[in-house]
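Q:
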Amino acid sequence: MNIIIFGPPGAGKGTQSSFLVNKIKMFQLSTGDLLRAELKSGSELAKQLKEIMDAGKLVSDDIINELIEKKISDPQVKNNIIFDGFPRNLEQANALDGMLKKYDQKISAIINLKVDYSILVKRISGRISCSICKKPFNEFFDPPIEAKNCENNNCESRELIKRSDDNESTVSNRLKTYDEQTLPILDHYRSKGIVKDVDAMQSINDVTSQIEAIISDL
Ligand code: AP5
Numbered sequence: 083m084n085i086i087i088f089g090p091p092g093a094g095k096g097t098q099s100s101f102l103v104n105k106i107k108m109f110q111l112s113t114g115d116l117l118r119a120e121l122k123s124g125s126e127l128a129k130q131l132k133e134i135m136d137a138g139k140l141v142s143d144d145i146i147n148e149l150i151e152k153k154i155s156d157p158q159v160k161n162n163i164i165f166d167g168f169p170r171n172l173e174q175a176n177a178l179d180g181m182l183k184k185y186d187q188k189i190s191a192i193i194n195l196k197v198d199y200s201i202l203v204k205r206i207s208g209r210i211s212c213s214i215c216k217k218p219f220n221e222f223f224d225p226p227i228e229a230k231n232c233e234n235n236n237c238e239s240r241e242l243i244k245r246s247d248d249n250e251s252t253v254s255n256r257l258k259t260y261d262e263q264t265l266p267i268l269d270h271y272r273s274k275g276i277v278k279d280v281d282a283m284q285s286i287n288d289v290t291s292q293i294e295a296i297i298s299d300l
C-alpha cells in the first residue's frame, strides 16, 4: 500500500506520517526533508535550494522527480511508501503516475488533511522538530517530550530546531503556491476515486484516529 498525505503547509502531514511510520512501519518519503538534508551540504545547489525554499516557491520538477525515482525504485520500500509533500503540481502528479507504472506499484489513497488557513500560521510559528528523528512538536499545541523518549530512542543528543522558512512572510507565499499549484491536483486524484478527506482541525490524536480508520478499510 502506498499513500499520499496531502494538505497545506502546517496541516500535519509530517506529524501524521511519523505516526504511520511507527505504528505500521511505512517508509516516509518527505521531499521537504530530503531537500533540507541537501541544504546542509553547503553545495552550490544547496544555496539555490535555500533561496527557492525561503521564498516559498517550488523547487524544479527535475530535481524532485529524480529524488523520488531513487526511492520508488528501491525494492526494500516497494508498495510501502507515504508520500509527504509530493506531488505538488500536475507535472509531478503525472511523473508519479509514470513511475508507479514503471515499478509496478499504485497509490491506494490520498489522505487530504482539511484545515482552515487561519490556524496554520500559529501551527507553523510554534513548530520545533527533533534534529535527529525529525519528529515535529509544537510550542503551543504539542510540547516536546523528553529526548530519551523521542521517536527512535536514540535522540538523546537531539537539538530542537526551527526551520528558516517558518516565518510569517514565507508562510503566506507557501500558501499562495499551495493554492495555485498544489490544490488543483486533488481533481486529478478525485477522478480516480481515491481521495479521503480528513478533518485536520481536530487534535493530533483525533486526526490520527480518522487516518487509522481510513487505512483499516483499504
Ligand atoms: P515541506 O517540508 O513539504 O513543507 P510544507 O508542505 O510547507 O509542509 P510543512 O512541513 O510546513 O507542514 P506539515 O503539513 O508537514 O505540518 P507538520 O506535521 O510539521 O516543503 C518545504 C519547502 O520545500 C517547500 O516550500 C518547497 O520550497 C520545497 N519542496 C518540498 N517538496 C517539494 C516538491 N515536491 N516540489 C517542489 N518543491 C518542494 O505540523 C505543523 C505544526 O503543527 C507542528 O508543530 C505540529 O506539532 C502541529 N500540529 C500538527 N497537527 C496538529 C493538530 N491536529 N493540532 C494542533 N497542532 C498540530
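In this note's numbering, the protein residues as written are 83 to 300.
For each residue, glycine too, the CB sits at the ideal point set by N, CA and C.
Ends of the alpha helix (DSSP H) at Leu182?
A: Counting along the chain, the alpha helix (DSSP H) containing Leu182 begins and ends at 172-184.
Q: Give the single residue among Glu250, Ser155, Lys132, Pro266 whose Cα lies nearest to the Cα of Ala119.
A: Nearest option by C-alpha distance: Lys132.
Q: If you compare alpha carbons, which of Ile163, Ala177, Ala128 is closest to Asn104?
A: Answer by Cα proximity: Ile163.
Q: As a quick exercise: from Asp144, Ile193, Gln174, pick the residue whose alpha carbon is nearest that of Gly275.
A: The shortest C-alpha separation from Gly275 is found at Ile193.
Q: Return yes when the Cβ of Leu117 is within less than 9 Å of the Cβ of Met108, no when it is not.
A: The answer is no: Cβ separation not under 9 Å.
Q: Would you mind sorting Asn220 into buried or exposed? The rule is 16 or more other CB atoms within 10 Å of its CB.
A: The residue in question, Asn220, is buried, as its Cβ has 16 or more Cβ neighbours within 10 Å.
Q: Which residue comes first and which comes last in the alpha helix (DSSP H) that contains Gln158?
A: It is not in any alpha helix (DSSP H) - Gln158 carries neither H nor E in the DSSP assignment.
Q: Closest to Arg205 by CA distance: which of Gln110, Asp224, Phe165 is it?
A: When each option's Cα is compared against that of Arg205, the closest is Asp224.
Q: When every heavy atom of the ligand AP5 is checked, does at least one fall within less than 8 Å of the C-beta of Gln110?
A: The answer is no for Gln110.
Q: In the DSSP assignment, find the beta strand (DSSP E) that holds Arg209 and state where it starts and stops.
A: First-last of the beta strand (DSSP E) with Arg209: 209-212.
Q: Can Met135 be considered in contact with the ligand AP5, in the sense that its beta carbon sits closer than 8 Å to one or more heavy atoms?
A: Result yes, Cβ under 8 Å from the ligand AP5.
Q: So the beta strand (DSSP E) Asn194 belongs to, where does it begin and stop?
A: Counting along the chain, the beta strand (DSSP E) containing Asn194 begins and ends at 189-196.
Q: Whose CA, out of Pro226, Thr252, Ser254, lies closest to the CA of Glu241?
A: The residue with the shortest Cα to Cα distance from Glu241 is Pro226.
Q: Check whether the Cβ of Asp279 sits closer than 8 Å to any heavy atom of the ligand AP5, and report yes or no.
A: Checking every heavy atom of the ligand AP5 against the Cβ of Asp279, none is found closer than 8 Å.
Q: Asp247: buried (16+ other C-beta within 10 angstroms of its C-beta) or exposed?
A: Buried.
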